[in-house]
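Below is one structure, written out as C-alpha cells; the observations come after it.
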Amino acid sequence: MIYLLDTGKLIDLKFPSFWFENTPQGKFMLSIAFGQSKYYVDNLSENVKRGNRQKLRRGEWPSKAPYGYVNNPKTRAVDIDPELSKVVKKTFSLFAEGNKSFTEISNFMFKFGMKRESCGKPIKVDQIKRMLSNKFYVGILKYANEYYEGSHRCFISKQLFQEVQKQVEKILRPRQKGHDFAFSGLATCGECGLHQDWEPYFEKWMARDEINDQANSETELQKLGENQKEWVLGSSGGTGSLQRKEKRII
Numbered sequence: 001m002i003y004l005l006d007t008g009k010l011i012d013l014k015f016p017s018f019w020f021e022n023t024p025q026g027k028f029m030l031s032i033a034f035g036q037s038k039y040y041v042d043n044l045s046e047n048v049k050r051g052n053r054q055k056l057r058r059g060e061w062p063s064k065a066p067y068g069y070v071n072n073p074k075t076r077a078v079d080i081d082p083e084l085s086k087v088v089k090k091t092f093s094l095f096a097e098g099n100k101s102f103t104e105i106s107n108f109m110f111k112f113g114m115k116r117e118s119c120g121k122p123i124k125v126d127q128i129k130r131m132l133s134n135k136f137y138v139g140i141l142k143y144a145n146e147y148y149e150g151s152h153r154c155f156i157s158k159q160l161f162q163e164v165q166k167q168v169e170k171i172l173r174p175r176q177k178g179h180d181f182a183f184s185g186l187a188t189c190g191e192c193g194l195h196q197d198w199e200p201y202f203e204k205w206m207a208r209d210e211i212n213d214q215a216n217s218e219t220e221l222q223k224l225g226e227n228q229k230e231w232v233l234g235s236s237g238g239t240g241s242l243q244r245k246e247k248r249i250i
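So the sequence shown is numbered by UniProt numbering: it starts at 1 and just counts up by one.
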C-alpha cells in the first residue's frame with residue numbers, strides 16, 4: 001500500500017474513522033495503523049485456535065458435523081441425525097459387502113436426499129472416500145493432523161468401519177497389469193495419498209526389417225539427382241512429400 005503511495009498510483013485514502021494525508025507523517029501513521037490491524041487479526045486467530053484445542057481436549061468437535069450428524073446450536077455439541085444417520089449406516093454396510101463403487105455409493109445417498117449443498121448434485125467421489133475413511137464415525141477426532149478422543153455418540157461399529165477400510169484399500173490399490181513393475185504399490189502421492197500408477201512409456205513398436213528397409217530406401221534416394229527424385233516420389237505426394245522426407249532425413 002505504501003509502495004503505491006510512493007509511486008503515485010494512490011493519492012490519498014479516506015476511511016470512515018481515519019483520513020490519510022500523503023505526507024511522511026501520514027505514511028508513518030498509516031504503517032502504525034496497518035501494524036495494529038495485523039496484530040489484531042493474528043491475535044484473534046490464535047485465540048480461535050486455542051479455543052478449538054480446548055474443545056477437542058473435551059472431546060467436542062469444533063467444525064461442521066460430518067454426514068449423519070448435525071450441529072446442535074444450543075449445546076454446541078454434535079448430535080446424531082435420526083434420519084440421515086440411517087442412510088450413512090446403510091451406506092457403510094453396502095460398501096463393506098465389496099460390490100459397490102464410490103460412484104454407486106454417491107448415487108445411493110443422492111436418492112435419500114444427501115447431496116452437495118452448493119449445487120444440489122450427487123456427492124463427489126473424493127468426498128465419499130473421505131467419509132468412508134473418517135475416524136469420526138468410531139469416536140476419533142482428527143484436527144490439524146492431531147488425534148483426540150471424541151465424546152459424541154457413534155452409530156458405526158468399529159468392526160464395520162474396519163471392513164469398510166479393507167474395501168477402500170482394495171479399490172485404491174493399483175491393479176495388476178501385464179508388466180511386472182518394480183516397487184509397484186509402494187509409492188503414494190503426497191497430496192491425495194493415492195498410489196502412483198505405473199505404465200510402459202513408448203509410442204509404437206516397429207519390426208527391425210521394416211526399419212532397415214526404410215533406411216536403405218532413404219539412402220538410395222539421396223544418390224539420385226533432383227529430376228530422378230521427383231520422378232520416384234511423384235506417385236507418393238510430389239514435392240511436398242519430398243521436402244518432408246528430406247527434413248526427416250536431416
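The beta-carbon is built from N, C-alpha and C at its ideal position, and this holds for glycine as well.
Report task. May I ask which residues mark the beginning and end of the alpha helix (DSSP H) holding K38? Result -> Numbered from its first residue, the sequence shown carries residue 38 at position 38. Residues 24 to 57.
Query raised in the report: For V78, which beta-bridge partners are listed by DSSP?
Result: The sequence position of residue 78 within the sequence shown is 78, counting from 1. Bridge partners of V78: N71.
Query - Whole-angstrom distance between F15 and P24, CA atom to CA atom - result: Numbered from its first residue, the sequence shown carries residue 24 at position 24. Numbered from its first residue, the sequence shown carries residue 15 at position 15. Going from the Cα of P24 to the Cα of F15 covers about 19 Å.
Query raised in the report: Applying the criterion that 16 or more other CB atoms from any shown protein chain within 10 Å of the CB defines a buried residue, is S17 buried or exposed?
Result: Working through the sequence shown from its first residue, we reach residue 17 at position 17. Exposed, by the Cβ-count rule.
Report task. Closer than 8 Å by C-beta to G139: which residues in its own chain qualify, once you throw out the five before and the five after it? Chain order, please. Result -> As a first step, residue 139 must be located in the sequence shown, where it is residue number 139. Cβ neighbours of G139 beyond the five flanking positions: E149, G150, H152, C154.
Query raised in the report: Comparing alpha-carbon positions, which option in N99, E83, Q36, F28 lies nearest V168?
Result: For the purposes of this step, residue 168 is taken as residue 168 along the sequence shown, with counting starting at 1. Measuring from the Cα of V168, the nearest candidate turns out to be N99.
Query raised in the report: Over what stretch of residues does the beta strand (DSSP E) that includes I140 continue unbroken?
Result: Here residue 140 is taken as the residue at index 140 of the sequence shown, counted from 1. Taken as a continuous stretch (DSSP letters only), the beta strand (DSSP E) holding I140 covers 140 to 143.
Query raised in the report: Which same chain residues, not among the five before or five after V70, have their C-beta less than 7 Å away from its C-beta?
Result: Within the sequence shown, numbered from 1, the residue matching residue 70 stands at position 70. These residues qualify, in order along the chain: D79, D81.
**Report entry** Buried or exposed by the 16-neighbour rule on C-beta atoms within 10 Å, applied to I250
**Finding:** On the sequence shown, position 250 is the one that residue 250 refers to. With a pLDDT of 45 at I250, under the threshold of 50, the predicted position of this residue should be treated as unreliable, though the coordinate-derived value follows. I250 is exposed by the Cβ-count criterion.
Report task. Classify T7 as helix, strand or coil using the three-state DSSP reduction. Result -> Here the question's residue 7 lines up with position 7 in the sequence shown. In the three-state reduction of the DSSP assignment, T7 falls in the coil class, being assigned neither a helical nor a strand state.
Query raised in the report: What are the boundary residues of the beta strand (DSSP E) that includes E169?
Result: On the sequence shown, position 169 is the one that residue 169 refers to. That residue, E169, is in no beta strand (DSSP E); its alpha helix (DSSP H) goes 158 to 172.
Query raised in the report: Can you round the beta-carbon distance between L160 and A65 to whole angstroms, since I take them to be within the 8 Å contact cut?
Result: Within the sequence shown, numbered from 1, the residue matching residue 160 stands at position 160. Within the sequence shown, numbered from 1, the residue matching residue 65 stands at position 65. Contact doesn't hold; Cβ gap of about 20 Å is too wide.
Query raised in the report: Are T91 and F110 close, meaning C-beta to C-beta below 8 Å?
Result: The count along the sequence shown starts at 1 and reaches residue 91 at position 91. The count along the sequence shown starts at 1 and reaches residue 110 at position 110. For T91 and F110, no; Cβs fall outside 8 Å.
Report task. Look at the alpha carbon of D209 and the alpha carbon of A215, and state the distance between them as a whole number of angstroms. Result -> In the sequence shown, counting from the first residue as 1, residue 209 sits at position 209. In the sequence shown, counting from the first residue as 1, residue 215 sits at position 215. For D209 and A215, the distance between alpha carbons rounds to 10 Å.
Query - Three-state class that DSSP yields for K124 in the structure shown - result: The residue labelled residue 124 in the question sits at position 124 within the sequence shown. Here K124 sits in coil by DSSP.
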